[in-house]
Each structure stands twice: as C-alpha cells, then as structure tokens.
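The sequence shown runs 2 to 671 under this note's numbering.
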Amino acid sequence: MMNHRYLLIFTIAFSLSLKIIAQNSLSGTVTDESGQPIIGANIFFPDLKTGTTTDLDGHYEVQHLPAKKMLVQVSYVGYNTLTKTIDIQGAMTMDFVLEEAHLEAREVVVTGLSVSQEKRRSPVSIDVLKKDFLLQNGGTNLVDALTEVAGVSAIGTGPGISKPIIRGLGYNRVLVVQDGIRQEGQQWGDEHGLEIDGNAVERVEIFRGPASLMYGSDGLGGVIHIESPHPVMKGTIAGSVNTAYQTNNSQREVSGFLAANANGWNGYLIGTLKKADDYQNAYDGKVFNSGFEERNASGMLGVNRKWGYSHLHFSSFFQQPQLPEGERNPDGSFVTDEAPYQEITHHKIGWNNNFIFRHSSLKTVIGFQQNIRKEFEEPDVAGLVFDMKTLTYDLKHFIVKSEDWEFTYGFSGMVQDSKNKGEEYLVPDYSVNDLGGFAYARHPLEQWELSAGIRYDNRSFSTDELVEDGETRFAALDRNFGNVSGSIGLGWFPSEKAAVKLNLARGFRSPNVAELASNGVHEGTFRYELGNDELEAETNFEIDAGFDLDLKHITLTANPFFNSISNYIFLEKLASVNGGDSLSISDGTAYSTFKFTQGKAQLWGGEFSVDIHPHPYDWLHFKNTVSVVLAKQLDSDNEHLPFIPPAKYQMELRADLPLKSTAIRNSYVE
2 MMNHRYLLIF
12 TIAFSLSLKI
22 IAQNSLSGTV
32 TDESGQPIIG
42 ANIFFPDLKT
52 GTTTDLDGHY
62 EVQHLPAKKM
72 LVQVSYVGYN
82 TLTKTIDIQG
92 AMTMDFVLEE
102 AHLEAREVVV
112 TGLSVSQEKR
122 RSPVSIDVLK
132 KDFLLQNGGT
142 NLVDALTEVA
152 GVSAIGTGPG
162 ISKPIIRGLG
172 YNRVLVVQDG
182 IRQEGQQWGD
192 EHGLEIDGNA
202 VERVEIFRGP
212 ASLMYGSDGL
222 GGVIHIESPH
232 PVMKGTIAGS
242 VNTAYQTNNS
252 QREVSGFLAA
262 NANGWNGYLI
272 GTLKKADDYQ
282 NAYDGKVFNS
292 GFEERNASGM
302 LGVNRKWGYS
312 HLHFSSFFQQ
322 PQLPEGERNP
332 DGSFVTDEAP
342 YQEITHHKIG
352 WNNNFIFRHS
362 SLKTVIGFQQ
372 NIRKEFEEPD
382 VAGLVFDMKT
392 LTYDLKHFIV
402 KSEDWEFTYG
412 FSGMVQDSKN
422 KGEEYLVPDY
432 SVNDLGGFAY
442 ARHPLEQWEL
452 SAGIRYDNRS
462 FSTDELVEDG
472 ETRFAALDRN
482 FGNVSGSIGL
492 GWFPSEKAAV
502 KLNLARGFRS
512 PNVAELASNG
522 VHEGTFRYEL
532 GNDELEAETN
542 FEIDAGFDLD
552 LKHITLTANP
562 FFNSISNYIF
572 LEKLASVNGG
582 DSLSISDGTA
592 YSTFKFTQGK
602 AQLWGGEFSV
612 DIHPHPYDWL
622 HFKNTVSVVL
632 AKQLDSDNEH
642 LPFIPPAKYQ
652 MELRADLPLK
662 STAIRNSYVE
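Below, the structure is given as structure tokens:
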C-alpha cells in the first residue's frame, strides 16, 4: 500500500514537473503572403540569444522559455523582418506571415539602454548590418565594408589599415564595442586600425550621434557595436569555409567556422588567414613595401537556458602591415634599403551574462584585453613598443514596471595601464581609471514614445615621469575629468508606415594620452607632436531628427543633425619667432612642430535616401543615398576641421533574384 502511495505521489510530481517544464513555449508556422510555408525561417529571441528555424512544413517550436514579455524576431532572406512583443505564458501558438522584402526598418536593436526594440522606434539614428551585407561589401578589412553606410567614412593610413569616421568624427571620438566590451588599442594612433577579425562578426549596429549615456567618455561622435556569431540551434553541428581574392594586391583570404550546441551548451571556433602583396597604382605600378599579413583566431563557450545565457568570448588578432614610405632615388625609383613594418597583437577575453526575471533582467559584462604594438625601422629592432592592458566592466539592470514604462540603471568602468618597452618614445607610461553610473527611462505608447537618461562619469589619468640624459622628457601628470551626459528623445508613429523622431543629446570625451602628454616624432605623420597638459574635456550638444516613410512603391528617410562641440581638440602647427615653421630636431632630422590646442567647432548635415521598389516587384531596388557633413571652427584662423568627408552620393540598382530553390539562396545582381 505504501509503495502504491509513493508511486502515485511520484506520478503526480512527475506530471507536474513536465507541465512546468513545458508550460512556457512558443510554436506555430511561418508562411509567405500566399500561404506557402517558408522553410528555414529564423525565429530568434534577441534577449535570450536563442531561437530555432522552421522545418519543411514551415513549422517551428521554441521550448523552455521564461515566463515574461519578450521581443521575438522572425526573418528570412528576401522577406521583411517581422518583430513582435509576446507575453510568454504557458504553451503558446503564434503564426507569422512574412512579406517580400523592400525595407529593413523592422530590424531589432539589441544594444542600448533598453531591452531589445525595433530600429524604427529608436530615437537615435541607427543602421543595422547583417552578415550577408558584410560579405557582399567586403573590402580589405571590416571598416571598408562599413563605409557603404551613409554617414560613415574611413581614414586609410596604410595597407589593411582603416579607421572609422562617423559624421566627420573619428579616432577617440568614435567608440567601437564588441559583445559589450569597448575595444582599446591606442585609438589615438594613425598607423593601425581595428584589431577585429571581420569573419568573426555576425551583425553590426552603427549609432550616429553622442553615445556617452551608454558608454561614458569617447562616444562623442557615435558607436559601432559588433556582435559575434550567435549560438547555433540545439542538437546542431555546423561549419563553413569562406574564401576571398582581390586582384590588385593579390590578397588571399580563407576563414573557417565550426559551431555546436548540445542541449544549450554551445560554442564555436573561427580561424582566419589573410595575406596581401604590394598594391599597384597607375603612376608607380607596384608600391614597394605595401603588403600585409594577418592571422586571427576567436571562439566562444557558453550555455543558454530559460534563465538567460552565459557566454565566454575569446580572440587573438595578429597583423603585420608593412609601411610604405615612398622614398625615391634620383631616377624616381623606390628606395628599397629599408622596409619598415609593424607587428600588432591583440588578445581579448570577455564574459557576458544575461539573467532573465519576470519583470526585469540583469546584464553583466567583464572583459580583459592586451594590445601590443611594435614599430620596426630596422628588421630586428623595434623602435616604438606599446604594451597596454585594459580591464572593463559593465552592469545594467532593466526593469519593466508596466505596459508603458521601462527603467534601466547601471554602472560601468575601465582600468587601463600602458607601458613603453621600446627604444623610442612618443608618449609616456600612463594609467586610466574610469567609473560612471546612469539612469534611463522609456515610455512607449502605441503612437508616441518618450525616453530620457542622465549619466555621470569620472576619469582619473596619470603619467609617469621620464628623465633622459638629465633632461625631463615627460613630466609626471595627474588629471581628473568629471562630466555629466544625457539625452532626451521623442518619437511619433502615426502609422506602421511612418515615423518622426527627435533626439537631444549631450556627450563628452576626455583628452587622450597623446593630446595631454606626447613629446616626440609621430612616424606615421612625419611631424613632432607636443601634448598640452592644460586641455579640458570635449563636450557636445547634438540635435538629431529622423523621418521615415514606407509607401507601397517608395521608401523615404531623412536624418538631419546639428552638432556643437566645446573644447574641440586639434593639432596646430607652431610658428618660429621668425615667422616660419617651428622645427624640432630628432636623430639629426628636422620635423615641423605641432601642439594640441582646443576651441569651439560646429558640424551639421545629414543622411537622406530614396528607395524605389515597384510592387509587386519588391525584389527590385533602385536606392539613392546622399550623406553630407559640413563643419567649421568658430574661434580659429583656420576654419577647417580635419577628416571631414566630402559629400557622398550613392546609387544602387539591385535585384534580389526570387529563386524558388532550397539549394541556391541569396542570389542577387547589383
């Protein structure tokens, strides 16, 4: 009798446990407008970084979901991405119908101060780039692909080296973040780009405008947020090999990807090899010493559960770019006695966590990275050697109080230490300590949305004294920079086809080590640079507007902006007492001398596009995009600002071939 009682209790408990496990799920079908099932459509929960794909009948099922309101994204190549907020309660069924693609306004933004939201509802100007875009627009490096986006340009300072510029601002004024970790690699320098493997990128979110509210200092001009590959589906082992070849410099590239997911325990490995010879131009033919080599590896180990996810990312980047100096013999041929080059190594490890609760979620990110840059004028002896170590941490608590209110608060910080280990010096050894906290509120309604936030940051900066031959090369320096940043945004959505947005934001940027304390020859620019230890932090106030209209045959977008910067830092050439250029002598060579100073600057312009997609031929696009940046200094004899890109007009005629084949996908003509 007792055994039967235990058996009954066990049976009831087991049945209840099955019910509890199975009670939070989402299933259904995904079809096109004609009712035909879409095979291989992606159903993805951005806040969980998990999802599934549809089977041969267009059916899907996602189990073990938390009981809470979440955004789900449904996508397939050739169709508009569909997003919907669903309150998961029990075993739910929901069918989705996808429309043929002509617009990506339904893309989801996962970076920011709120939970995942539609791009069209974000108050700031954002572009979302997916893997297929990056593959189709690949260049020498990742930044080259990003320049296809309106408002984004690049400064190229050598083979394989590009730095992103957003609306005329770059270097330390644009922040690059990968998986929540800010990329720290001596951004003030000219001779190196992003230490990120473009083949290890799943998607990119580009924020145009001040982002200090999210990340503190250095987000004055914008943020480029990079996401690594998402976990593959449960019970899946997947792999791929990508190759590329470019004719001008015979650039060869091969990259391999392998991923697996066993009941939520998941991971991947990526390896990339890249090599390029000297490039060619019309005047010289092959340009001596302009090749480069790159070797990269990255991966992730993690677990995804109904409570959220925990992912450990790691990467190693190595690049050896040669430095073409262009010295010539009297007959005009290149001098080949010297072949300077660099070695850039970047190691990074990051731990990302997202804990999901009924009415809130908690995201934590902690990362460590080491950047080593060596510059060789002689084959075996490094002149400049920078060894920088950086620890970053970030915590955000997202709270959903009701249907109409969301709150976020948190803090982030950075501890950084950089040492000189070469025979030459441009900047002193230095350390940085950042700490900041913020609060943010979002009030979404059906046709309106209001958001506002405020943040305070403090940066302590110190350098070590260096005395050479009895003379002080670098004096000890201790500075503190505290600043308030914030934003307020308003959105009006009169229909599903239209959106009008306005955002006011204040950002800031603390001076970097080169601006405060440099004293030496900057080889990449062939000038002698002097820092200014009296510089103050840059601050800006920017007004951004947005207008989107999606009609049956045409889509219009406009994103004008006005940016006013106080204490704008720039290099100014020094004059001698005789009125000519001031010269500094280093190793017997005279260099023009420049010193950092600051003033007031204004930038204005915008991005405007017209996309014609005649219905029912939505696979055909005729897109016209114009991006303009105008700028001037207000209190300087020289009104011009550096790195302001020219006005850019892009015209694209593209046909996404509507092939009804499961073997051939993503076919297009452009």
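All residues carry an ideal CB built from backbone N, CA and C; glycine is no exception. Please read all numbers here as calculations on a predicted model, not as lab measurements.
What first and last residue would you give for the alpha helix (DSSP H) that runs through residue i?
| i | result |
| --- | --- |
| Lys132 | 132-137 |
| Val144 | 143-147 |
| Tyr310 | Careful: Tyr310 lies outside any alpha helix (DSSP H), inside the beta strand (DSSP E) at 309-322. |
| Leu517 | 514-518 |
Across which residues does DSSP place residue i in a beta bridge pair?
| i | result |
| --- | --- |
| Val416 | Leu392, Asn434 |
| Ser583 | In DSSP, Ser583 forms no bridge with anything. |
| Ile373 | Thr346, Asp388 |
| Phe609 | Ala559, Val627 |
| Lys287 | Gln281 |
| Ile566 | Asn541, Ala602 |
| Tyr529 | Val522, Thr594 |
| Val98 | Thr32 |
| Phe408 | Ile400, Ala442 |
Thinking residue i and residue j are a contact (beta carbons under 8 Å), I'd like their distance in whole angstroms, please.
| i | j | result |
| --- | --- | --- |
| Arg507 | Ser486 | 5 Å |
| Thr558 | Phe548 | 7 Å |
| Trp605 | Phe563 | 5 Å |
| Asp48 | Ser362 | 7 Å |
| Phe597 | Ala538 | Going by Cβ atoms, the distance from Phe597 to Ala538 rounds to 13 Å, so no, they are not a contact pair. |
| Ser311 | Asn354 | 5 Å |
| Lys349 | Ser316 | 5 Å |
| Met301 | Ser403 | 35 Å between Cβ atoms; not a contact. |
| Leu176 | Val224 | 5 Å |
| Gln417 | Glu185 | 6 Å |
| Gly41 | Thr51 | 17 Å between Cβ atoms; not a contact. |
Determine the extent of the beta strand (DSSP E) in which residue i is found, giving its start and end residues.
| i | result |
| --- | --- |
| Ser241 | 237-247 |
| Asp657 | 649-657 |
| Ser486 | 478-496 |
| Ala499 | 499-510 |
| Ser256 | 252-263 |
| Met93 | 92-94 |
| Ser26 | 26-33 |
| Met71 | 70-76 |
| Ser213 | Element bounds for Ser213: not the beta strand (DSSP E) but the alpha helix (DSSP H), 213-216. |
| Lys164 | 162-167 |
| Tyr1 | Nothing can be reported for residue 1: it is not among the residues displayed for the chain, which extend from 2 to 671. |
| His226 | 223-228 |
| Ile44 | 43-46 |
| Ala298 | 293-306 |
| Asp88 | 83-88 |
| Ser154 | 153-159 |
| His231 | Careful: His231 lies outside any beta strand (DSSP E) and carries neither H nor E. |
| Thr54 | 51-54 |
| Tyr61 | 60-63 |
| Ile197 | Note, Ile197: premise wrong, no beta strand (DSSP E); not H, not E. |
| Phe208 | 204-209 |
Got a sec: is the Cβ-Cβ distance from residue i to anything in chain C below 8 Å?
| i | result |
| --- | --- |
| Asn138 | Here there is only one protein chain, and chain C is not present. |
Out of the options, which one is the CA nearest neighbour of residue i?
| i | options | result |
| --- | --- | --- |
| Tyr394 | Trp352, Leu427, Pro445, Ser432 | Trp352 |
| Lys132 | Val78, Val178, Asp191 | Val78 |
| Tyr172 | Val178, Gly181, Asp191 | Asp191 |
| Trp189 | Ile586, Gly532, Ile613 | Gly532 |
| Ala283 | Pro322, Ala260, Asn249 | Asn249 |
| Glu34 | Leu491, Ala261, Thr365, Phe97 | Phe97 |
| Ser123 | Gly490, Ala239, Val514, Thr148 | Gly490 |
| Val401 | Tyr426, Asp388, Glu424, His444 | His444 |
| Leu575 | Tyr592, Tyr569, Ser587 | Tyr592 |
| Gly222 | Ser229, Tyr269, Gln252, Val153 | Val153 |
| Arg474 | Pro341, Asp430, Arg204 | Asp430 |
| Phe293 | Gln343, Leu259, Leu313, Lys649 | Gln343 |
| Val522 | Arg121, Phe595, Ser496, Asn262 | Phe595 |
| Leu27 | His226, Tyr80, Lys307 | Lys307 |
| Gln64 | Ala340, Asp470, Phe45, Tyr269 | Phe45 |
| Val611 | Ser587, Thr556, Leu392, Asn560 | Thr556 |
| Asn568 | Lys69, Ser511, Asp545, Pro561 | Ser511 |
| Asp534 | Phe527, Asp545, Val433, Asn513 | Asn513 |
| Gly414 | Val386, Asp470, Phe369, Ala201 | Phe369 |
| Gly210 | Lys601, Ile566, Ser291, Asp636 | Ile566 |
>> As an exercise, report each continuous beta strand (DSSP E) stretch of at least 3 residues that is fully enclosed by the region 443-469, in chain order.
In response: 449-464, 467-469
> Which residue spans inside the region 615-640 form an unbroken beta strand (DSSP E) run of at least 3?
Replying inline: 621-634
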